[in-house]
Every structure is written in C-alpha cells, then in structure tokens.
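Adding 151 to a residue's 1-based position in the sequence shown gives its number in this note's numbering.
Everything below concerns the one structure shown next.
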Amino acid sequence: MDKIVSLAKRRGFVYQSSEIYGGLNGCWDYGPLGVELLRNVKEQWWRSMTFREDVEGIDAAILMHPRVWEASGHVANFTDPMVDCKECKARFRADQLEDALCGSPAYKGRKAVKCQAEGKFTEARQFNLMFKTFIGPVDDAGAVVYLRPETAQGIFVNFLNVQSASRQKLPFGIAQIGKAFRNEINTKNFLFRTREFEQMEMQFFVKPGTDVQWFEYWRGERMRWFADLGMRAERLQFHQHEPDKLAHYAKEAFDIEYQFPFGWGEIEGIHNRTDFDLSQHQTFSGKSMQYFDDGTKERFLPYIIETSAGASRSFMAFLVDGYREEDAPTADGGTETRVVLRLHPKLAPVKAAVFPLVNRDGMPELARTIEQGLRPHYRVFYDDSGAVGRRYRRQDEVGTPYCITVDSQTLQDHTVTVRDRDSMQQERIASDAILRYLRDHLG
Ligand code: ATP
C-alpha cells in the first residue's frame, strides 16, 4: 500500500487535501492523472448503465429537504458505535477496534483493542455519520440540512418525475454519480474510507415478485463490470450479508469485495431494498409514490434493486489491481525491476505517448506532428527528455498502453515503432496508420 500511495502522489494521481496545512483527515485531491482515471471509471460505469434502454440518468442536488433523511432512516439509524480511549482521548469505531491504534505516546504502536482489554475505553455510544450544516443566513435548528451521505435518496424522491418524463415502464432504473459525505469516526487505508467520496448508484424499479430474479441479474452484471475492466478474478468475491446483519431496508444484500493489501474490502453493495424507500417517502411526504401499470390497471409501490458502488473505492481497487513490479530487460542485456500499472486501456489516463528517439535530425518535428494529429482523439503525452528506456518506464508507471517512437527509420520510410505496455513488444507501423491502430486497440 505504501508504494502505491507514494506512486499516486509522485505521479499526480492523488494528494492529501490541504497538504500544506498539514492535511485534512479523510479528504483527498485528485491530480492531473488521477482526475483522468477517476473520470474514466465513472464514464465506463455511466456507459454501462445509461447506454441501455431501461436505465435513465439524473443528477440531484447534494442538499435535500431534511425530512428526506428522516424518511430514509438516516437520522435515526445512520450511526456507528463509538468509544473514547480515556488515556489518549482518541475516538474509535467500537466494531473495528482490531485496526485502531491508540494515539497516546504510552500506547504508540499498540493495538487499541489492547487498551480496551485494560479497561481504557468508555462505553460505546451511537454517533451519527451525517454532516450537518445550515441553509440560509440563520444558524438555528429549523435551518439544519445535511450533506447527503448517499446519492440514492435523490433517485427515490425523483422516481415519478423521471418515470413520467421518460415514459419508462417497469422494470427500469435510474442512475446517478455524485459526491457523498460521511463523518466517519476513523478514516483509513488511503481512499478506502474517506469523509468525502463519490458514489455510482443505480436503483432498478421492479414489480414485486420479480425482485429476486432482478437481484440475481444485477449481481451478475456488476461483478462482470469489474472483471471486464480487467480486475483479476481471484481478487474479487461476493460477500453475502447474513440475515441478522442486513440493513434496516434490505431483504437481501451482497457486497462485491476486492482483496486489497490490507484485506478484503467492499467496493460495491447490491441490495434488494423492497418497497421500503418509496413507502417511507410516501408516508413522510404525503404524496403517492405508486406506479400505475397501464396493462393491468394496477397501482403499486415497486420494489428496488440497488447497485451502489464507490467511484473512489473502485478507483483505488483499479489502481491496486493494476500495480505490478516485474522483471524487465535492460539495454545492456541485464534485467531490472519495472513498475507497471496494468490498467485497462479504457481506464488509462493517457492513451499514448509520443517520443522522438533523439532530439535532432528532424525527429522532434515529426513526433510533434504525430502528437498533434492524435490530440483531438485521445489524451496523449509528448516526451523528449532522457533515454528512451527511461521514458518507457515513466509511461509504464502511469499505465500508458502505447508508446510511439520516431527514429531514424521513420525519416526513410515513414514508419514508427509502437511499444505495447504489457508485453513490451514493439512493432513497426506506417505513421499515417497510428490513429487507426489506436482505435483498433483501445476500442
Ligand atoms: P462500509 O461498510 O465500508 O462503511 P457501507 O456498507 O456503509 O460501507 P454503502 O452504504 O453500501 O457502504 O455504500 C456503497 C458504496 O459506497 C460502498 O461499497 C463503497 O464503495 C462506497 N463508500 C461507502 N462509504 C465510503 C467511504 N467512507 N469512503 C469511500 N467510499 C465509501
């Protein structure tokens, strides 16, 4: 993990928020390459969802009417059990003590669970994870609003708006990507548990009685999405929630888990939410949330199958999954370790790099012409500094699938070499065929 966090910072994927002020816990900034990778993850998700005829997209506000969070159960239930260490005053999630380290110098490096065994912890109490703020100029109780802790509620309250505008019939879904905020007691593991993050959620509305079959369908689809984007199958697994561990709204729930260096962790939850949400909003708002079936002339509350993925957690899983240290040949016949990010080409922040082999004989000019020709189509990078082997390594490290090099033969026959990131094999192609080559290989 340390190597990945350091690569992420050095190469401009992720920085700690407000670093020059000592950082803000649980908040991260995405740098030039990180923002591209994150956008690509979200784009692939958006396409997989909304390029279908039975899913529509929306973008709801982060601030919602406070009654939404009463109806959803968040005001009453969105809590984690918290304990204080009497010794060092640090606070921990009572159900995750095995990972927590006590903050006091006396306990430095010792697991907090040890402190508890020695009677250093207070009784657990419930802590609500929603961030509160005030709307308008008056900071009083009547003006309290929350930063949304999930994007799902913006979908539920818009169910009938979207259905009538799009004239969708059941079953159909609504997809949304957006920021969510949770005042986590302990943030940890880089992007895994943060206080501000992005979610990619799709709520699929179905006729009650067909929910079990749609749940199975989406469970399969969502696992396939990660695998199709190159995530190693042996590092993905389902975790089924035991009946006594189900959230208050769920009839059935599976997590998709990824094997991070620190252990298995959830990257997406798939839930059968029944008609809990629509019926709660119907009760709290006094407005009917029923669907009218033209065919059977029935009115009823649909059931909802939820697929809820973290964009930031998925980003981290793709980064971790892509990171490899491999033996690579050196120019003098030896071997060295190369770091390579084997990101799926659709996710790679930069699709191709263009190099002149040397900075003379017209090579830079030719390489610049190639780069300019590719720029309207792909994110490309031009590099003419240092030995070409080092330039390859720099691109390997950020996951660039192809490196195109202009060399002396280019001056003779207008061909260039194209080097493949993963196999490190090079082939020669005509310089006017590069765009087609990239189209064929990047999709
Ligand atoms: P956890 O048990 O890890 O706290 P959760 O079960 O509360 O997660 P959900 O409410 O199901 O998570 O949220 C859906 C997805 O949102 C998660 O699978 C995860 O990818 C992402 N997510 C949730 N909380 C965080 C967080 N604090 N930081 C980053 N991503 C998060």
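Here a beta-carbon is modelled for each residue, glycine too, at the ideal position from N, C-alpha and C.
- Under the three-state reduction of DSSP output, D406 falls in the strand class.
- Of the candidates F443, L508, A331, the residue whose Cα lies closest to the Cα of S459 is A331.
- Going by beta carbons, A401 and H392 fall inside the 9 Å limit.
- Out of L589, M575, Q195, the CA that lies nearest to the CA of D379 is found in Q195.
- G293 sits in a helix when the DSSP states are folded into three classes.
- Here K358 is near Y454, since their CB atoms are less than 9 Å apart.
- A residue is called buried when at least 16 other Cβ atoms come within 10 angstroms of its Cβ; H399 does not meet this threshold and is exposed.
- Using a C-beta cut-off of 8 Å, the stretch 480-489 makes no contact with the stretch 369-388, since fewer than three inter-stretch Cβ pairs fall below that distance.
- Under the 8 Å Cβ criterion, the stretch 423-438 does not count as touching the stretch 283-297, having fewer than three qualifying pairs.
- Counted as a single uninterrupted DSSP element, the alpha helix (DSSP H) harbouring G305 occupies residues 303-307.
- Leaving aside the five residues that flank E349 on each side, the residues in its chain whose CB is nearer than 8 Å to its CB run, in chain order, L189, K193, I328, G329, K330, A331, G461, A462, S463.
- The beta-carbon separation of F285 and A275, rounded to 29 Å, does not stay under the 8 Å limit for a contact.
- Residue pairing from DSSP leaves H225 without any beta-bridge partner.
- Contact annotation: the stretch 301-313 touches the stretch 208-219, with at least three C-beta pairs closer than 8 Å.
- Nearest to V505 by C-alpha distance, out of Y172, V226, D571, M353, is D571.
- According to the DSSP assignment, G540 belongs to the alpha helix (DSSP H) that extends over 539-549.
- In terms of Cβ geometry, M353 and A326 form a close pair [threshold 9 Å].
- With contacts defined by Cβ atoms closer than 9 Å, L508 and T556 form a contacting pair.
- Straight across, the Cα-Cα distance linking E367 with R579 is about 47 Å.
- For the pair L175 and E335, the Cα-to-Cα distance works out to about 13 Å.
- Judged by the Cβ position, E372 fails to qualify as a neighbour of ligand 1 at the 8 Å threshold, every heavy atom of the ligand being at least this far.
- Within 10 angstroms of the beta-carbon of L562 lie fewer than 16 other beta-carbons, which makes it exposed.
- Not a single heavy atom of ligand 1 lies less than 8 Å from the C-beta of E207.
- Runs of alpha helix (DSSP H) with 4 or more residues, each lying fully within the stretch 394-463, are found at 427-436, listed in chain order.
- Across the structure, S223 and T434 are spaced so that their CA atoms are roughly 11 Å apart.
- Nearest to G473 by C-alpha distance, out of Q388, L525, F377, is F377.
- Under the three-state reduction of DSSP output, V357 falls in the strand class.
- If only complete runs of 3 or more residues are kept, the stretch 552-592 shows the beta strand (DSSP E) at 553-557, 566-571, 577-581, in order along the chain.
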